[in-house]
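To keep things clear, I will list the structure first and then write my remarks on it.
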Amino acid sequence: MAYAYLYLASDEARYVNGAVLCVDGGLTI
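All residue numbers for the sequence shown refer to my numbering, where the first residue is 1 and numbers rise by one.
Structure below.
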């Protein structure tokens, strides 16, 4: 999950809004 937080905090994610990021490794509970 840390990689998702780092991505969202980076400049590359400036156009990401309203997206759902799945960060559970494909595991569904």
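C-beta: ideal position from N, C-alpha, C; glycine also.
Where residue i sits in the DSSP three-state scheme
i	result
tyrosine 15	coil
leucine 6	helix
valine 20	coil
Classification of residue i by the beta-carbon crowding that lies within 10 angstroms, buried from 16 upward
i	result
arginine 14	exposed
Member of the options whose CA lies at the smallest distance from the CA of residue i
i	options	result
glycine 18	Leu8, Gly25 and Asp24	Leu8
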